[in-house]
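Take the position in the sequence shown, starting the count at 1, then add 14; the result is the number in our numbering. To keep things clear, I will list the structure first and then write my remarks on it.
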Amino acid sequence: MSHAAVNDNTLRPVPGRPQLSPPTPARRTGRRVTVAAYASDPILRVGVVYQLRQRPEIELVPDADAAQVSLVTVDSVDGETAALLYRVRHNPDTRTGLVVGTFESGDALQSAIECGISAVLRRAEADQDRLLRLVLAIANGEGVLPGDLLAKLLDHMGSLQRSALDPRSVSLSTLTSREADMLRLVSEGLDTAEIARKTSYSERTVKNVLHEVITRLQLRNRTHAVGYALRNGLI
């Protein structure tokens, strides 16, 4: 998926970017739960919208501002997914659920939770009944996390704590203002070229700065670096 961010407040559909479900009237009527559906590609979006549209308990709305629940469907959690999750959580009255193909690591799971999701469902298990139960649970203020993912998250957090307590793990964990600015732009979904234009640096400089951060902090990639910076209050 592209790492370019959607730059307008309406989140209009753009090819290859997370997109909204087709617009429907934004109403909150009776006991129906209003849902804004987002997905990483049109096929995923159509599948989720088709499943939800058949249920009388659900009313699809065009965006998170009009929704009780934002439902995001993706293959995996990467920089663009994180940027989208941050964008849809700006409305405090809307809670977010994630339907995901896989979490490649405990760090990716933690990053998703830090982005404000309150419930998770695996795509392989996302039939109509499970999607409905997920949406209703989110609307009722409940958190939903499969047991094995909870175990993975706890193991990951325990590993981070042990690493923090190990004096041998201490490294230069501060960021320069330039590094922090670039990581903040990565968290917003910008790619190398867009960061270069935004900061007036060359693309080569952007790559070198981000590579330096990743290498110095012994991280895996840009997404891992963003998650690390967010957890440690560096951006």
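For every residue, glycine included, the Cβ atom is placed at its ideal position computed from N, Cα and C. Source: prediction; values computed, not measured.
Determine the burial state of residue i: buried for a count of at least 16 other Cβ atoms within 10 Å of its Cβ, exposed for fewer.
i: G241; result: buried
i: T110; result: buried
i: A96; result: buried
i: G203; result: buried
i: Q33; result: Any reading at Q33 needs caution, since the residue's pLDDT is 44, under 50, leaving its predicted position unreliable; the model's value is listed next. Under this definition Q33 is a buried residue.
i: Q124; result: buried
i: Y52; result: buried
i: A210; result: buried
i: R236; result: buried
i: T206; result: buried
i: D77; result: buried
i: R234; result: exposed
i: R147; result: exposed
Let me check understanding here. Comparing Cα to Cα, which of the options lies closest to residue i?
i: I57; options: L199, V83, R137; result: R137
i: A194; options: V227, Y215, D205; result: V227
i: L135; options: N105, G93, V88, T48; result: V88
i: V200; options: E94, D77, E128; result: E94
i: S132; options: D205, Q82, T116; result: Q82
i: T116; options: Q65, E139, L146, C129; result: E139
i: N154; options: N246, L112, T108; result: T108
i: R144; options: L231, V102, Q65; result: Q65
i: T188; options: G247, V220, I152; result: G247
i: P49; options: D55, L150, L159, T229; result: Sequence check: residue 49 is Val here, not Pro. Measuring from the Cα of V49, the nearest candidate turns out to be L150.
i: L244; options: T219, C129, D92, Q68; result: C129
i: K212; options: T190, L224, V223, M196; result: M196
i: D141; options: D92, V47, V63, D55; result: V63
i: R101; options: L85, V60, L74; result: L85
i: I255; options: Q232, S191, R230; result: In the structure displayed, the chain extends from 15 to 249; residue 255 sits before or after that span and is not available.
Determine the extent of the beta strand (DSSP E) in which residue i is found, giving its start and end residues.
i: L74; result: 72 to 74
i: T87; result: 83 to 88
DSSP state of residue i, grouped into three classes?
i: V62; result: helix
i: T48; result: strand
i: A140; result: coil
i: T213; result: helix
i: L159; result: coil
i: L248; result: coil
i: G93; result: helix
i: S191; result: helix
i: S54; result: coil
i: L204; result: coil
i: L233; result: coil
Which residues bound the alpha helix (DSSP H) around residue i?
i: T229; result: 217 to 230
i: R109; result: Where R109 is concerned, there is no enclosing alpha helix (DSSP H), although the beta strand (DSSP E) it sits in stretches over 109 to 114.
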